[in-house]
Each structure stands twice: as C-alpha cells, then as structure tokens.
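> Please find one structure pasted underneath; my questions will follow.
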Amino acid sequence: MRIFSGIQPTGRKHLGNFIGAIRQYVDGQARAVEADGLAIFCIVDLHAVTVAYDPVELRELTYDTAALLIAAGLDPARCILFRQSDVAEQTELCWLLASVTAHGDLNRMHQFKEKSEVQRELISAGLFFYPVLQAADVLAYRCDEVPVGEDQRQHIELMRDIAERFNARFADSNELLIAPQHRIPEVGARIMDLQDPDSKMSTTAAAQDGTVYVLDQPEMIQRKFNRAVTDSDDPPRIAVDPQKRGVSNLLEILAACEGVTPEEAAAELSGARGYGDLKAAVSEAVIEMLTPVRERYELLRGDEAALEQVLLRGADQARAIAAVTLGEVRSAMGVGPVT
Ligand code: TYM
Numbered sequence: 069m070r071i072f073s074g075i076q077p078t079g080r081k082h083l084g085n086f087i088g089a090i091r092q093y094v095d096g097q098a099r100a101v102e103a104d105g106l107a108i109f110c111i112v113d114l115h116a117v118t119v120a121y122d123p124v125e126l127r128e129l130t131y132d133t134a135a136l137l138i139a140a141g142l143d144p145a146r147c148i149l150f151r152q153s154d155v156a157e158q159t160e161l162c163w164l165l166a167s168v169t170a171h172g173d174l175n176r177m178h179q180f181k182e183k184s185e186v187q188r189e190l191i192s193a194g195l196f197f198y199p200v201l202q203a204a205d206v207l208a209y210r211c212d213e214v215p216v217g218e219d220q221r222q223h224i225e226l227m228r229d230i231a232e233r234f235n236a237r238f239a240d241s242n243e244l245l246i247a248p249q250h251r252i253p254e255v256g257a258r259i260m261d262l263q264d265p266d267s268k269m270s271t272t273a274a275a276q277d278g279t280v281y282v283l284d285q286p287e288m289i290q291r292k293f294n295r296a297v298t299d300s301d302d303p304p305r306i307a308v309d310p311q312k313r314g315v316s317n318l319l320e321i322l323a324a325c326e327g328v329t330p331e332e333a334a335a336e337l338s339g340a341r342g343y344g345d346l347k348a349a350v351s352e353a354v355i356e357m358l359t360p361v362r363e364r365y366e367l368l369r370g371d372e373a374a375l376e377q378v379l380l381r382g383a384d385q386a387r388a389i390a391a392v393t394l395g396e397v398r399s400a401m402g403v404g405p406v407t
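Our numbering numbers the first residue of the sequence shown as 69 and each following residue consecutively.
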C-alpha cells in the first residue's frame, strides 16, 4: 500500500487543511507503516508559483509548512517528506504526461476557473497546467491512495484518466502508471468559512474572522467561533440541515474533532440553551486539537537547518522512486537513448 499527498506552501494553513487533509496524512502514515507500505508527502512549491507570490516568502512558507506537518505528526523516519522542486523527475514527467492530457479537460477544472477569476493581473499558463503537474506528482510514485479534501476530487479523477490514457497509448499493461484512488474523509472534507458558510474555508477569504488558522492562539480561535455566523431560528435549533449552513458547518467541525458523525455531535448538544453553547463546544474541541500542534511547531520552526536536512533526505528517497518510473515512461514513449 502506497500513499501520496501534496500540500501547498501558500499562506498559513487553516482548519480546513488540517481536518480535511493533514490529519488524514498522519493516519495514512500509520496505516502505511502497519501494512509495510510507504507514505509520501510533498510540499508543492512549484504549484505555488502559478499565482502571484513573493520569492523570499516562498522559502519561509516552505519551512513553515514542513514544521507544521512534523508538528501535526508526520515523522520523517516513518514517511518520506520532501519539497517538490528538489525532484526534477516530477517536472519532466509533467511534460511527458501533457501529451496524453486533453486541453478540454484542463479547461473544465473548477479550481482553474475559480483561481483565474480572482487573478487581478496575469492568469499564468502554469495555473492552467497545474493539474498536469499534480498528476505527475502522484503518478511518479505509483501510489494507490491520495488523501485530500473534497475540492481535489476533480484533480484526482483527471490524474486517473491521464494514467489510463497513458497506459492505453504507450504501455503493454495497465500497470506502467497506476490510477490512484482518492481518500476523502467522510466528515470534514469541506470545512466552510465561519463568516460565509456558503464558501469553503480558505486563506484568500474576504473576512479574516472566517478562517481559523492552525497556529492561531486559543483566544483568537475562541473569538472567531464566537463570531461565527449561525441563523435566526427562534428557538435556536442545533441540527444538521442544508438550510442551516452555519450551524451544520459548526457541527461538522465538532464531529471531526471528536471522531463522531455530525448527527451524533448534534445529539450531544440536545440540552444546549442556544448557539452560544454550540460555539463554546466547537471552540473548546478545536483548541484542544490544535494546541499541541502549535506548541510543537514553535519548538521546531526555529531550526531551519534541521528542517532543510529533513527535506533533502526526503528528496533523495523520493528521487530514487520517481527516477525508475520516469525511466520506464521515457522508454515507453521513445524519448532519449535506448536504456
Ligand atoms: P492545498 O495546499 O490547497 O490544500 C491542501 C489540502 O487541504 C484540503 N483542503 C480542505 N479540506 C477541507 N476543507 C477545506 N476548506 C479545505 N481547503 C483545503 C485540500 O483538499 C488539500 O487536500 N492541489 C493540492 C496540492 C497538490 C496535491 C498534489 C494534492 C499538489 N500535488 C498531489 C494531492 C496529490 C492543493 O491545492 O493543496
């Protein structure tokens, strides 16, 4: 069993990233160790350059993200943790896979549409090509499983199509590239903005109070939940209901923290007097979940040399795997000398 996932070093990581993805990485690492498999996690700095960014900040954010992932429970002795740009094999594979990627499919990607709409200056070709690099990231490692949040479903489906099209066109079997499965959590796959529960939680949200960051101090987390949008039902009704977007989102977060279903989380609050009790319960659960991560992060982040060493070692391990796949792809495509 082999697991791969990637995370961007853009902005600070938020509760949606943590619940939807990072926690599943840690779980994936444990399952991979147990099954004698491999779990591989990549900080995708080359994806981050597809929108406006600051080059000095990008390096800082890469270390921030590495420290955060380790603080959350990734252990470089039990998984491979590396920086995308250190493994050039992935970028070359991206180009080769472009030959079996349909332009029309890239045009249909929701993330491209959403991100290109908010670009004020250049809409880069890199933004359009983003899903091909993402496909190369995963396919280079021939993995079976990709833990992600709901917003990545379409990108995973595209990489499955790319793998299948590549095998049909260039390989004798359907095993040269492996079409992976996504692993999207049942609870918490799409955490919504606390101020605007119709939009997913993100770093680019209009209202800062709508996004809880993994590194927020407890008082800040409490404040953001206190101000979370609910509704004006009178009497207040704590229930999972598509009409009650704010309340349902709070229940989803509470359920994800407690490892129960949102309906069970609602049932636990049957004696609550109002939305204040719900907000207090969620904020307490989130603070309990994130505090140890923030504390470990603070210990780790200062030692950039140690973080750099982890990433370089991870890149060596990753390259050894990606180079084999790339060699077979080149050979199947007739690229380069006979090997
Ligand atoms: P990124 O860095 O934007 O997001 C990292 C992970 O967080 C999940 N996520 C959420 N989950 C629940 N609720 C939310 N509000 C929320 N917002 C984000 C994302 O689904 C993601 O799993 N394209 C990827 C990076 C990538 C990648 C890969 C992923 C590059 N190569 C290969 C998997 C495999 C991304 O945008 O990550």
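No residue lacks a Cβ here, since even glycine has one placed at the ideal position from N, Cα and C.
These numbers come from a predicted model, not from an experiment.
On the DSSP letters alone, give me the boundaries of the alpha helix (DSSP H) that residue 354 sits inside.
Sequence index remark: in the sequence shown, residue 354 carries index 286 (1-based). Counting along the chain, the unbroken alpha helix (DSSP H) around residue 354 starts and ends at 343-369.
> So, with DSSP's three-state summary, where would you put residue 71?
Counting from one through the sequence shown, the residue named residue 71 turns up at place 3. Here residue 71 sits in strand by DSSP.
> Within a Cβ cutoff of 6 Å, which residues of the same chain sit near residue 86, ignoring the five residues on either side of it in sequence?
Here residue 86 refers to the residue found at position 18 when the sequence shown is read from its first residue. Hits under 6 Å: 282.
> Counting only runs that start and end within the stretch 119-171, where is the beta strand (DSSP E) found for 3 or more residues in a row?
148-151
> My guess is that residue 217 and residue 89 are in contact by the Cβ rule of under 8 Å, so how many angstroms apart are they, rounded?
For the purposes of this step, residue 217 is identified with residue 149 of the sequence shown, where counting begins at 1. For the purposes of this step, residue 89 is identified with residue 21 of the sequence shown, where counting begins at 1. Between residue 217 and residue 89 the beta-carbon gap is near 5 Å, inside 8 Å, which marks them as a contact.
> Might you give, ordered along the chain, the residues of its own chain that have their beta carbon closer than 6 Å to the beta carbon of residue 273, omitting 5 neighbours on each side?
As a first step, residue 273 must be located in the sequence shown, where it is residue number 205. 261 and 279.
> Kindly list the residues whose CB is nearer than 6 Å to the CB of residue 365, restricted to its own chain and excluding five residues on each side of it in sequence; keep chain order.
Against the sequence shown, residue 365 aligns to sequence position 297. Here the set comprises 135, 136 and 139.
> Under 8 Å, do residue 164 and residue 406 count as touching if we go by C-beta distance?
Position 96 of the sequence shown, counted from the start, is the residue given in the question as residue 164. Position 338 of the sequence shown, counted from the start, is the residue given in the question as residue 406. Cβ atoms of residue 164 and residue 406: not closer than 8 Å.
> Please state whether DSSP places residue 110 in a helix, a strand or coil.
Position 42 of the sequence shown holds residue 110. It is a strand residue.
> Examine chain B for any beta-carbon lying closer than 8 Å to the beta-carbon of residue 206, and answer yes or no.
Protein chains in the displayed structure number just one, and chain B is not present.
> Using only the heavy atoms of the ligand TYM, determine whether one of them is closer than 7 Å to the beta carbon of residue 202.
In the sequence shown, residue 202 corresponds to position 134, counting from 1. Yes, since a heavy atom of the ligand TYM falls inside the 7 Å radius drawn around the Cβ of residue 202.
> Which of the three DSSP states is assigned to residue 93 in this structure?
Working through the sequence shown from its first residue, we reach residue 93 at position 25. The answer is helix: DSSP assigns residue 93 an H, G or I state.
> Run the proximity test for residue 115: is its beta-carbon closer than 7 Å to any non-hydrogen atom belonging to the ligand SAH?
The ligand content of the structure shown is limited to the ligand TYM, which means the ligand SAH is not among them.
> Three or more C-beta pairs closer than 8 Å, one from the stretch 118-133 and one from the stretch 369-379: is that the case here?
yes
> For the stretch 192-211 and the stretch 151-166, state whether three or more C-beta atom pairs, one from each stretch, are separated by less than 8 Å.
yes
> Could you name the residues that DSSP lists as bridge partners for residue 82?
Position 14 of the sequence shown, counted from the first residue, corresponds to residue 82. Per DSSP, the beta bridge partners of residue 82 are 281.
> Would you say the beta carbon of residue 109 comes nearer than 7 Å to a heavy atom of the ligand TYM?
In the sequence shown, residue 109 corresponds to position 41, counting from 1. Because no heavy atom of the ligand TYM lies under 7 Å away, the Cβ of residue 109 does not count as near it: no.
> Tell me, which residues are paired with residue 250 by DSSP?
As a first step, residue 250 is located in the sequence shown; it is residue number 182 there, counting from the start. The partner list for residue 250 (beta bridge, DSSP) reads 214.
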